[in-house]
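Sequential numbering from 15 applies to the sequence shown in this note's numbering. Ideal placement from N, C-alpha and C gives every residue a C-beta, glycine not left out. Okay, so here's the structure we're looking at.
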Amino acid sequence: MTTVAHPVNTSSLAPSPADSFLSNIVLPHRSTYFPLGFPLEVMTNFPEVLAASAKSWNVFQHRFDMAPLQLKLSVTSNPNKVSTLPEAPLCRAQDHLLTHIADQYNFVSCDLNTGLAFGWITEQTAQSSLYLRYHILEAAALSMLAACRVTALHAACVSINGSGMLLCGDSGAGKSSLAFAGAKSGWTFTSDDASYLLQNRTHNVVVGNCYQFRLRDSGAQLFPELHGRPITPRAIGKPSIEIPAQELSGITTAESTTVKAIIFLNRSPTAKPELLPFPKESARSWLHQGPFPHTASNRQQLAAIDGLLKLPVYELRYTRLEHAIDRLNQLAQIGT
């Protein structure tokens with residue numbers, strides 16, 4: 015990682031009559047990071063932006079030789095002198111243009127065809143590392159990655175005895191808790207809620223953030239060792255418990271895995287533990303929620319999903335986590 019740094023001139027953070035559009039702000043601080051293994055160049059006029067970027071992405075290694083995505087983030091002063099952070103951003107899109115909007119002083123716009131994002135934030139936002147990382151930096155980077163480099167899947171990904179499995183389902187289906195419980199039992203962990211399918215590959219290779227587990231705040235009821243861990247506020251009303259994988263002994267992780275089966279989770283209080291065939295057209299409709307519809311790579315992404323659907327697709331009905339783990343261990347061992 016190469017970083018170029020210069021001192022900050024805070025007097026230059028305010029608009030001037032000669033540059034009311036803030037179009038002439040110089041971005042002297044820059045560094046390249048590798049979220050999910052892909053290069054991303056971050057440029058800014060405020061060093062705290064690079065510090066936050068490093069917290070998000072320094073764990074990832076450079077794995078894919080592709081042109082860097084670019085994120086240009088200007089920091090300006092807030093003329094209203096507001097000391098509180100804005101609400102979580104809204105996300106709005108028109109064709110291949112997408113914007114994360116917190117307020118008139120904090121937003122980032124992404125061109126999902128070219129892989130270029132630019133935005134403006136206030137000093138207060140730049141100095142709040144958690145808000146900056148989750149709502150601005152990671153939101154922009156993952157939006158561009160999901161449009162330009164990979165196909166996003168709302169699924170956890172684990173590997174059982176070398177057999178990669180996608181754990182699919184809507185929010186609340188139990189993807190993260192099953193991935194966490196399975197990792198504790200010996201599965202290899204790749205991702206807990208968001209997986210990314212590589213494009214133009216002979217095999218169905220998925221990458222993810224294997225360096226962190228995220229569970230709902232109710233996860234402490236299932237896993238007593240999570241009691242007392244801090245709750246992190248997240249978007250869409252989903253506060254979470256976040257655990258770096260390195261803090262957990264005996265956990266095996268992998269940044270990528272080759273998927274061999276797709277599992278749709280059906281957890282209910284009365285379910286008999288069983289694995290049933292799942293209709294592929296229903297799976298296709300569900301997986302098609304991931305790709306952005308109006309991007310240059312949309313056709314490639316849909317083709318990647320078609321390739322993925324050549325794999326066996328199952329519905330896993332279960333009540334208890336240990337029953338689900340036993341049934342998927344059996345699937346990995348004997349194939350049924």
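For residue i, I'd like the list of residues in its chain whose CB is within less than 7 Å of its CB, leaving aside the five on either flank, ordered along the chain.
i: residue 218; result: 211, 272, 273, 321, 322 and 325
i: residue 64; result: 17, 43, 45, 56 and 58
i: residue 345; result: 275 and 289
i: residue 19; result: Low per-residue confidence applies at residue 19: pLDDT is 49, beneath 50, and the placement is therefore not dependable enough to give any value.
i: residue 313; result: none
i: residue 66; result: 143, 146, 147 and 151
i: residue 343; result: 174
i: residue 104; result: 115
i: residue 231; result: 245, 253, 254 and 255
i: residue 292; result: 278, 327, 328 and 329
i: residue 318; result: 165, 211 and 213
i: residue 183; result: 189, 278 and 279
Report all residues from its chain with a CB closer than 6 Å to the CB of residue i; omit the five preceding and five following residues, and keep chain order.
i: residue 100; result: 116, 117 and 120
i: residue 267; result: 203, 224 and 259
i: residue 178; result: 271, 272, 273 and 274
i: residue 287; result: 332, 337 and 341
i: residue 21; result: With a pLDDT of only 49 at residue 21, under 50, the local geometry of the prediction cannot be trusted, and no value is derived from it.
i: residue 129; result: 83, 158 and 162
i: residue 199; result: 339
i: residue 315; result: 165 and 305
i: residue 175; result: 346
i: residue 246; result: 254 and 256
i: residue 173; result: 202 and 271
i: residue 85; result: 56, 131 and 154
i: residue 310; result: 127
i: residue 160; result: 166
i: residue 77; result: 51
i: residue 227; result: 194, 206 and 257
i: residue 197; result: 203 and 265
With 8 Å as the threshold, decide whether the Cβ of residue i is near any Cβ in chain B.
i: residue 304; result: The chain inventory of the structure shown lacks chain B, comprising one protein chain alone.
Bridge partners for residue i per DSSP, in chain order?
i: residue 57; result: 44 and 86
i: residue 275; result: 179
i: residue 214; result: Beta-bridge pairing links residue 214 to no other residue.
i: residue 202; result: 173 and 266
i: residue 332; result: 281
i: residue 327; result: 276
i: residue 37; result: Residue 37 pairs with nothing; no bridge assigned.
i: residue 209; result: 167
i: residue 63; result: Note: residue 63 sits in no beta bridge, so no partner.
Whose C-beta lies closer than 8 Å to the C-beta of residue i among residues of the same chain, with five residues either side of it excluded?
i: residue 98; result: 138
i: residue 1; result: This structure leaves residue 1 out entirely; the chain is present only between 15 and 350.
i: residue 348; result: none
Return the Cβ separation of residue i and residue j in integer angstroms, given the expectation that the two are a contact with Cβ distance under 8 Å.
i: residue 142; j: residue 133; result: Actually they do not touch by this definition, with Cβ atoms about 15 Å apart.
i: residue 335; j: residue 195; result: 4 Å
i: residue 308; j: residue 110; result: 5 Å
i: residue 35; j: residue 71; result: At roughly 30 Å, the Cβ-Cβ gap does not stay under 8 Å, so residue 35 and residue 71 are not in contact.
i: residue 269; j: residue 327; result: Actually they do not touch by this definition, with Cβ atoms about 24 Å apart.
i: residue 140; j: residue 73; result: Not really, about 22 Å apart at Cβ, beyond 8 Å.
i: residue 330; j: residue 277; result: 5 Å
i: residue 135; j: residue 87; result: 6 Å
Say whether the segment 275-288 touches the segment 185-194, bearing in mind that this needs 3 or more beta-carbon pairs closer than 8 Å, one atom from each stretch.
-> yes
Which ranges would you report for the alpha helix (DSSP H) in the segment 159-184 if only whole runs of at least 4 residues count?
-> none
Within the segment 66-146, note down every full beta strand (DSSP E) run reaching 3 residues or more, in order along the chain.
-> 83-90, 104-108, 111-117, 120-125 and 130-136
Quick one: complete beta strand (DSSP E) runs, 3+ long, within the segment 221-296?
-> 226-230, 254-258, 270-281 and 288-291
Okay, do the segment 161-170 and the segment 297-311 touch, 3+ Cβ pairs below 8 Å being the bar?
-> yes
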